[in-house]
Amino acid sequence: MIPPKFAYRRAGSAEEAVSLLAEYGDEAKILAGGHSLLPLMKLRLAQPEFLIDIGRVHELSYIRGEADHIAVGALTRYHDLEHSELLAAELPLLAHASGKVGDPQVRHRGTIGGSIAHGESASDVPAVVLALDGTLVVSGPSGVREIPSSEFFLGPFETVLEPDELLTEIRLPRPASPGWSFQKLTSRAIDWAIVAVAVQGSSVGLVNMGSTPLRATATERALADGASITDAAARAAEGTSPFADRNASPEYRKHLARVLVRRGLEEAAGRAG
Amino acid sequence: MSIVGTRVVRTEDPRLLTTGAQYLEDLRLPELQGAAYATFVRSPMAHARITGIDVSAALDEPGVVAVLTADDLDDIPESPPGREPLLAKDVVRFVGEPVAIVLTEEHYQGEDAAELVSVDYDELPAVVGVQQALTDETLLFPDKGTNVLSRGGAKEFDDEAFADCEVVVERTIVNQRVAAAPLEVRAAAARWADDRLTLWSSTQNVHGVRDELTGKLGLDKKAVRVIAPDVGGGFGAKIGADRETVVVGWAARRTGRPVRWVETRNENLMAMSQGRAQLHTITIGGSRDGRVQAYRLDIVQDCGGYVRMGGMLPHLTMLMASGVYDLPRVETAFRSVVTNTTPIGAYRGAGRPEATAAIERAMDLFAAEIGMDAAEVRRRNFVAPDKFPFTTPTGATYDTGEYAKALDTVLEAAGYDELRAEQRRRRERDDPIQLGIGVSAYVEITGGGPDAGETARVSVHPDGTVTVWTGSSPHGQGHATAWAMLVQDELGIPMDRITVRHGDTDVLTEGVGTFGSRSLQIGGTAVRNAAVEIKERARELAAEEMEADPADLVLDLESGTWTVRGVPGRGVPWAQLAERAGPEGLSADTTFATDQSTFPFGAHVAVVEVDMETGRPRLVRHVSVDDAGPVVNPILAEGQRHGGIAQGAAQALFEEVSYDEYGNPVTATLLDYTFISAAELPSFELVPMETPTSVNPLGVKGIGEAGTIGSTPAVQSAVVDALGHLGVRHIDMPASPERVWTAINEARTAQ
Ligand SMILES: Cc1cc2nc3c(=O)[nH]c(=O)nc-3n(C[C@H](O)[C@H](O)[C@H](O)COP(=O)(O)OP(=O)(O)OC[C@H]3O[C@@H](n4cnc5c(N)ncnc54)[C@H](O)[C@@H]3O)c2cc1C
């Protein structure tokens, strides 16, 4: 439970973080809230040689309403997302889902950028960003690039982020349809989702249904073709290959996806009025 | 008015909540200055032969003071073959087994150095689970010729026992392995000086630790002093000295340097003794009018890699097999097997919860089979109140009990009939959230036994204050509050002048400790008896002082002064008598021991809601009667019940230590080992009931484990009951959402 030796640098700005990343390259890791990285280091499952701490780069912590989207800084903590008035009014799905992550301590430390960059399919917020058709803004030695969330996640703990790139901003278009829902099934209150479902209008994101966060594409297609909620939800697990673990078999996860998607769509439809 | 029985707020808490406790790792003692930190090198394999250990790379690491292995244990008695060694020598038998100890200048250096100790392992097939152990295909101790290291009870079952029964139900059920996971993990510190070992241990019994150290290190009893600072929970798993603790003591002597050790949570979940781990085959038979005629319990105990208490626990399970019921025939037998997993020890209830879980499941299965209400079946089989003392077919003699009253009281408090009506309504409308009602009745055994005494010393000082030394060993229970209340009640000296101390073998050289719900009835009685003795001494002294006949002296409990009966005026205060007592002071040492155990009992009702689509169960109400005789302090007793109920519900719903097929633990972090939190629990509804015992002068029984024993079967039963209308009769613990969902599916398919 004591990590191996590492060097530590604290970045004063996003720019400095990017140049430190360029300097230390492959052996470096960004430290944001530390709530995914530090446990892995303590178990010695991650052994980075350099940590670049962006924890005090306040310029990366914000929630702003722009003309056609909401912009969220990568270092914004769950707690701030959960309690943002702007999000409550314009993107309640993100605020609500953030309030369902872990416990209050986790939410005071964990960041939206860390959650996305970590690329764990059991995380809640990545599937929300996916359902919202978010765009990820990334800075690297060669400048800034914008990546659609649909192209960002590659596999377990794997994203298109290069080792020398910093995730700086998450852009979320204002949703066309106001109905939303977040359905998370856990065993205990503090647990990660066995399966969770994020719904915005007729977009559906899935948590823990495979090696990356997913969209329930078959459901979405069925809805577009005019299927009922029940029929569309019955297709929620199509094309997914969830893991087996101590909590659940793949069959159970698929069943849960169908149930939670139906509940989510119903709740979203109810909210849309 | 007597303070006993009142809600006195815990005197421990202001310190614990402000300046904080002094747990082992908090100790900053001059004696431990310059201590080296111990880190254990642990086996990553469940079963392997050690073919070589190379410590040279680790010795070159900065800060490394020493790296010691089994080969270095040449200055102490050899551990008998087949027994758990201090450090693994030839074979490792579970993941996490200590193989070497690394001492470093700084704590943080330990893990890096431990990684550099290179151990060559020749992997052997791992035995995981009792079924595999019973095949004897792979043996943990080949010399023994079998993995079944002990057996007992009936040599052969008599099927005639069930021949006359109209209905017989048989089922194999799992009482899964759980982890104690105390908030304070295991820790020890040791110093060797002037030919004496001083060892600080996070333990439930300093005297037991001392005796193990003297035996294993070959030291004289006088050469060992064991001290317990504040201890952050134990749950049975901190009874005695674990092998790491002994090695820490040994290493301090070997290196001539103080050594301190605290394990990580990860190590705790791999190497601290775990609990339960029994497989039961239950057979129950009786008539359709609800009378049970015969009950059989066949136990397979998983001991883990070495036999710690795994050989003993099934005896307790067998002893308590028939529970609160008056059963004409009871048959029990057990086999204890070794497997390549963490060794099993005592865990809150230790053998008794397993007995209750089995018989209560059996009663439910029987009730379902004959179509009778679960509460009614129980009522028809209880031991009647006029039968006490009652000796069971398995040889336990219950002191006192009011089982039907306990059940009726809890049913009434729960509103049982209305709950059943609500359940019917939900079933009729096919509600997506079904209601389950679980009922359990239990009796358990606490306290006494052949060498189950406890010591106490009460001293009144010339400044009017009192020091109480107790052989009990509190680690969260609140003994300091309760013992002071008992002393105030006897002496009339207010609690705030009474200090309760424990945990130093140099002060009280004999004692037993805190476990098995024994403290109040044995340790508390010892304290009370010491106070009574002091009172008699004081009477003599006061008589001298006032030149009166001792028989005429009365102690005024309100003012804490002695007066002569019928003579008005100022009395003699305690301080004056302590002064008068001279250099020896006014002090009494006592030992209280009794052969007779006490048998606390009770009944629980759990109400569970099950989401029929996802299978997720939720405990929505828990009502309990836990009768452990008169209550000295309701706050403390309720605290024990709260914790117990939570822990028991956790076994029913969430907790399970598991291993993969290679014997790797997959629940070795608190992310994976899912213990319960307040968010999963309703507010408990605790119903008072007090039936005294005559076994001790306080009339009390033990309350420490009762909640755990009663709640597990009630909660499990409630989950099953929610699906009863589908024909579901049993779901193994923990009743996880997926298990419940699977049970629903299977039942629907079968219909
Ligand atoms: C007890 C507990 C319970 C939890 N429960 C949940 C839960 O229910 N749901 C859930 O979704 N999560 C849960 N989490 C995880 C939590 O949400 C994490 O905080 C989050 O996933 C990672 O965010 P972080 O800021 O802590 O990232 P860190 O741990 O600091 O970093 C994670 C990874 O992302 C990289 N990284 C971080 N920020 C950036 C960036 N701006 N650019 C590039 N790379 C970056 C790091 O290098 C690292 O590899 C839980 C964690 C704990 C400890």
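So the protein sequences, as listed, match chains A and U.
Using the working numbering, the first residue of the first sequence is number 1, and each one after it goes up by one.
Using the working numbering, the first residue of the second sequence is number 1, and each one after it goes up by one.
By construction, the Cβ of each residue, glycine as well, lies at the ideal position given by its N, Cα and C atoms.
In the three-state reduction of the DSSP assignment, A/Tyr-8 falls in the strand class. Sequence-distant Cβ neighbours of A/His-35 in its own chain, meaning closer than 8 Å and more than five residues away, are Gly-102, Val-106, Arg-109, Gly-110 and Gly-114. Secondary structure note for U/Phe-366: it is in no beta strand (DSSP E), and the uninterrupted alpha helix (DSSP H) holding it is 352-370.
Under the DSSP definition of a beta bridge, U/Asn-175 partners with U/Gln-278. Interface with chain U (8 Å Cβ-Cβ cutoff): A/Val-259 is included.
A distance of 8 Å or more separates the beta carbons of U/Ser-717 and U/Val-300. Within a 10 Å sphere around the beta-carbon of U/Pro-98 sit 16 or more other beta-carbons, which makes this residue buried. Here the stretch 673-690 of chain U makes contact with the stretch 634-646 of chain U; the two share three or more CB pairs at distances below 8 Å.
Within the chosen limit of 7 Å, ligand 1 reaches the beta carbon of A/Leu-38 through at least one heavy atom.
Nearest in C-alpha terms to U/Gly-34, of all of U/Val-209, U/Arg-260 and U/Gln-132, is U/Arg-260. The C-beta separation of A/Leu-60 from A/Thr-219 comes to about 34 Å, leaving the pair out of contact by the 8 Å criterion.
For U/Asp-112, a Cβ of chain A is located within less than 8 Å of the residue's own Cβ.
Under the 8 Å Cβ criterion, the stretch 227-238 of chain U counts as touching the stretch 472-481 of chain U, having at least three qualifying pairs. At least 8 Å separates the beta-carbon of U/Val-65 from that of U/Val-117. Bounds of the beta strand (DSSP E) holding A/Gly-140 are 135-140.
Judged by the Cβ position, A/Val-101 qualifies as a neighbour of ligand 1 at the 7 Å threshold, a heavy atom of the ligand being closer than this. Secondary structure remark: continuous beta strand (DSSP E) runs of at least 3 residues inside the stretch 74-153 of chain U, in chain order: 98-104, 118-123 and 148-153. For A/Ala-237, no CB of chain U lies under 8 Å from its own CB, so it is not counted at the interface with that chain.
Counting only runs that start and end inside the stretch 215-300 of chain U, the beta strand (DSSP E) elements of at least 3 residues fall at 224-227, 259-262 and 274-286. Secondary structure note for U/Pro-494: it is in no beta strand (DSSP E), with a DSSP letter that is neither H nor E. DSSP places A/His-255 in the uninterrupted alpha helix (DSSP H) bounded by 250-272. DSSP places U/Tyr-442 inside the beta strand (DSSP E), whose first and last residues are 433-443. In this structure, ligand 1 has a non-hydrogen atom nearer than 7 Å to the beta-carbon of A/Trp-192. Interface criterion not met: the Cβ of A/Arg-77 is under 8 Å from no Cβ in chain U.
In this structure, the alpha-carbon of U/Leu-586 lies about 46 Å from that of U/Thr-356. Within the stretch 469-481 of chain U, no residue has its Cβ closer than 9 Å to any Cβ of chain A. With 16 or more neighbouring CB atoms inside 10 Å of its own CB, A/Pro-3 falls in the buried class. Contact with chain A is found for U/Pro-737, since one of that chain's Cβ atoms lies less than 8 Å from the residue's Cβ. Each residue's CA atom was taken as its position, placing U/Thr-283 and U/Arg-378 some 16 Å apart. Using a Cβ-Cβ cut-off of 9 Å, U/Phe-654 is close to Ser-187 and Arg-188 of chain A, given in chain order. Minimum Cα-Cα distance from A/Ser-187 among the listed residues U/Ala-581, U/Cys-303 and U/Leu-619 corresponds to U/Leu-619. Taken through DSSP and simplified to helix, strand or coil, A/Asp-191 comes out as coil.
Per the Cβ contact rule, the stretch 251-260 of chain A is not in contact with the stretch 441-452 of chain U (fewer than 3 Cβ pairs under 8 Å). Assigned with DSSP and collapsed to three states, U/Asp-159 falls in helix. Residues of chain A whose Cβ lies closer than 9 Å to the Cβ of U/Ala-679 are, in chain order, Asp-103, Arg-188, Ala-189 and Ile-190.
A distance below 8 Å between beta-carbons, with the five flanking residues on each side excluded, links U/Pro-697 to the following residues of its chain, in chain order: Thr-525, Arg-528 and Asn-529.
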